[in-house]
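Using full-length UniProt numbering, read the sequence shown as starting at 1 and increasing by one per residue.
Virtual Cβ for every residue (Gly too), placed ideally from N, Cα, C.
Input: a single structure, listed below in structure tokens.
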Amino acid sequence: MEYRFTEIEKKWQAFWKANDTYKVTEDPSKPKFYVLDMFPYPSAAGLHVGHPLGYIASDIISRYMRHKGYNVLHPMGYDAYGLPAEQYAILTGQHPEVTTQVNTERYRKQLDNIGFSYDWDREVRTSDPKYYKWTQWAFVKMFNSYYDNKVQKARSIDDLVAHFEARGTADLDVACGEDLCFTAEEWKAMDEQSRRRTLMNYRLAYLGETMVNWCAALGTVLANDEVSDGVSIRGGHPVEQKRMMQWCLRVSAYADRLLKSLERLEWSDALKETQRNWIGRSEGAEVKFAIKGSDEVMTVFTTRADTLFGVTFMVLAPESDYVDVVTSPAQREAVEAYLDRTKKRTERERMMDKAVTGVFSGGYAIHPVTGAEIPVWISDYVLAGYGTGAVMAVPGHDTRDFAFARKFDLPIVPVVKGGDDFDENTANWENAIDSHEGVMINSDFLDGLNVDEAIERMRAFVEEKGIGKRRVNYRLRDAIFSRQRYWGEPFPVYYKEGMPYTLPEDKLPLLLPEIDKYLPTETGEPPLGRAEGWHTEEGYPLELSTMPGFAGSSAYFLRYMDPHNEDALVARDKNEYWRQVDLYLGGTEHATGHLIYSRFWNKFLFDLGYICEDEPFKRLINQGMIQGRSNFVYRIKDTNTYVSLGLKDNYDVTPIHVDVNIVHNDKLDLEAFRTSLPDRKDAEFVLEADGSYVCGWAVEKMSKSYFNVVNPDDIIEHYGADTLRLYEMFLGPLEQSKPWDTNGIDGVHRFLKKLNGLFFDGDNLSISDEAPTPEELKTLHKTIKKVSSDIEGISFNTSVSAFMICVNELQSLKCNKRAILEPLTVLISPFAPHLAEEFWHLLGHEGTVTTVPYPECNEDYLVESSVKYPISFNGKVRFTLELPATLSPKEVEEVVLGNEQTQKALGDKSPKKVIVVPGRIVNIVM
């Protein structure tokens, strides 16, 4: 019977939809398993074959766990807010909600065509007011909370107010912007505005001045991943660093908890290390340096207090508040020119760039111990967000300080180790710094101490002398939470006498208003400034910025647990059932931003008692990227003639990308090529001897610009969804990147045809109720063992190989036994669900195969009754003998030596030694 994949797949997709096959409810009688994909942004381009890779993997696991008796939550939704939809709206005037809806419907159709087992009743969209009500609600909760370092959790801002009322800032240990000091009486004497301004220093959601990536052409702040080489990724517009008042989330308050709880997560070591580096915990000391000619004091953070005596200059971040204080009139112009250049670079670009740049401020700091005057420089290798934005440069200890000192001819204090002399005139400084990474700067005060002892002595010294204090510092920055855009969640914030207040919770959601166009106002306000009546009932103006893209994705995994609840983000009983995501799949591009923010958001809600787990994702797997396989044609220069690959070296040619969809097995469809562009209609070709045009190829990123994007709809039309699913898994290990090669998909499709053929004799269904043979049982059960192990180990490519071997063996055995085909159907169901449903029906069953118990491996069927022994003479195999597996090595030796072929090979010689490796090989040494 022909494999009619289109008919089969449409039939079973309709069945699943009509019967709510994948609808899930809480069931305490079953163990739960929550599988989640990082949900997609629905772009106008739709899915290409690289996008479903992780979705197919998660679907296999979801289906497998259902077969294993678990109650599986496997939802899907859309990250529907974002800059692309807004930019399209600006170009076309079409409301972004309309284009988002169109794109979402296209994604849904494509996802359905692949046969995913999503519970679509739980779908969420971040642009749906019923969803973003809870994003706004969480923001209000953060605004009305602070972080208590003593108890390591978020608490109500009312508790902080009560502390101020009773004791002012005495005995206060909380996360804040700056250390304030006031008494209870001073607090009580403050007016309402002063109190609210003070509380803003402590709120977890706060309004503060910060450096941002500002794109004037787009009229908005951009995230680091939206900027490259000083321009916006979307549109290529100039981006500069700008200080602006923005809403921020005090993510840094959770830095220590985010770091420590990594140890409890089943994430890869590489991913954990990425998070550790992003959080960046450092133990050290803050040291105060007076600024010459000023009452200001410059504070620096250092992890190596023992190097204090080696400071020869200071370096400020260009954004540092100290820059204006320390810059002399003579250097003002040079400094401002340098600052202007630096504005065009993001912090990420500065961190990665090893080039040494800087400018002298003209000012000096005073060494807190020696009293020496130390020149203060400004350089973009120092970042305002780490430490205090000022560093004490010790070029004899630090390679970057050393490079800076050499570039600008600044002094270097010698490095010593254990009191050894160091000749600075003859030493190789680079080698000295590298090899003395853990050494001290020469000082009688530290003489004879090892590094740890020296660091501890200097930390104690700076505290004793009142010139500094111990401190734990983190690289993790607070999240900038404002975007000057239209298409995003509105802030539930209004302004009264210039101070922000949050809307009452019963006024949520605050809906996104209609506006006439999606550009900033003529006076430079964000697009919401165009909205009529954008104020409260009392007439107070509402916030004009909207929340960033990550706002909606920071708690969506919780909403899936209870998506239709109008009274809570998630009901407590449902959260206690599903608890957390058991397996999360997504790309490595989210290893920092999304994962940090969602973990922070989750911990905050846990602190307030709304959820029962403080980590959202128990296990996380990053799937690799499917790369494009590009094809090339070779045009003879200054002609419209194209030369086939095998002949191109005979001509002066230019390689040109060609649409892979008009190439099959690297052979070009000539007529399709001629009609692809107007200037190709008269194209001529120099062909191979067989009359074909063979294209060149290369593995590149899948991109429209390379014409190598493959639409899954086209693959499904020609081969079917089950072929697509199996082939994507067959390409290689899930976590590795690998090239898409349509040429190889035929083999997978042929495999499914063979599998289908096991059920038929010609066009007639042919299933036998005879007992299976030992060989057939062995084939089945070794496949059960292999595939089960592979699914548990997320090794799907080897599972597909095991299925292919199994079907080939069953085909050679002419097996059509029900006792074999029925468990095989369940076994392959997670991979090829449509075909498995069809087989289950052909086997005489009603309903669906999706919840049938997964077959168990019976090891008894895998015990070998005989062994094929290769018989070697002096290491060279001459023949094989099949012997009973129960024979001892001595018995094997006797049988082999008595064999006629052995006697013939020995002739009149006697063997010197016979080596028997049980179950493996026999080697006769002559």
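For residue i, which residues does DSSP report across the bridge?
i: Leu-620; result: Tyr-584
i: Cys-248; result: Tyr-206 and Ile-480
i: Cys-215; result: Thr-220
i: Val-174; result: Asp-148
i: Pro-513; result: Answer by DSSP bridge pairing: none, since Pro-513 is not bridged.
i: Ile-378; result: Leu-316 and Val-359
i: Pro-870; result: Thr-880
i: Gln-241; result: Asn-213
What would DSSP say about residue i, mapped onto helix, strand or coil?
i: Met-352; result: helix
i: Gln-484; result: coil
i: Glu-537; result: coil
i: His-564; result: coil
i: Asn-224; result: helix
i: Phe-600; result: helix
i: Ile-412; result: coil
i: Glu-373; result: strand
i: Phe-313; result: strand
i: Phe-15; result: helix
i: Asn-425; result: Any reading at Asn-425 needs caution, since the residue's pLDDT is 49, under 50, leaving its predicted position unreliable; the model's value is listed next. Note: Asn-425 maps to coil in three-state DSSP.
i: Thr-641; result: strand
i: residue 950; result: The first residue shown for the chain is 1 and the last is 926, placing residue 950 beyond what the model contains.
i: Ala-365; result: strand
i: Ser-43; result: coil
i: Lys-912; result: coil
i: Ile-626; result: strand
i: His-397; result: coil
Which first and last residues belong to the alpha helix (DSSP H) in which residue i is found?
i: Glu-717; result: 712-719
i: Val-326; result: 322-326
i: Cys-806; result: 796-812
i: Trp-740; result: It is not in any alpha helix (DSSP H) - Trp-740 carries neither H nor E in the DSSP assignment.
i: Tyr-64; result: 52-67
i: Gln-87; result: 83-92
i: Tyr-107; result: 96-114
i: Leu-835; result: 833-842
Under a Cβ-count criterion, where at least 16 other Cβ atoms within 10 Å of its own Cβ denotes burial, should residue i be classed as buried or exposed?
i: Glu-864; result: exposed
i: Asp-380; result: buried
i: Phe-28; result: The identity of residue 28 in the sequence shown is Pro, whereas the question assumes Phe. Pro-28 comes out exposed.
i: Met-38; result: buried
i: Tyr-78; result: buried
i: Glu-776; result: buried
i: residue 927; result: No answer is possible for residue 927: it lies beyond the span of the chain, which begins at 1 and ends at 926.
i: Lys-517; result: exposed
i: Pro-504; result: exposed
i: Ala-14; result: exposed
i: Gln-246; result: buried
i: Lys-109; result: exposed
i: Lys-133; result: buried
i: Gln-901; result: exposed
i: His-590; result: buried
Which two residues bound the contiguous beta strand (DSSP E) that contains residue i?
i: His-657; result: 653-658
i: Val-297; result: 297-302
i: Lys-153; result: 153-156
i: Asn-923; result: 921-925
i: Ile-291; result: 281-291
i: Pro-884; result: 876-884
i: Glu-684; result: 684-686
i: Glu-700; result: 696-700
So, residue i versus residue j, is the Cβ gap smaller than 8 Å?
i: residue 987; j: Thr-346; result: Since the first and last residues shown for the chain are 1 and 926, residue 987 lies out of range.
i: Thr-342; j: Val-335; result: no
i: Val-686; j: Val-643; result: yes
i: Leu-755; j: Phe-796; result: no
i: Asn-711; j: Arg-629; result: no
i: Ser-737; j: Gln-627; result: yes
i: Val-311; j: Val-394; result: yes
i: Asp-478; j: Cys-248; result: yes
i: Ser-361; j: Ile-374; result: no
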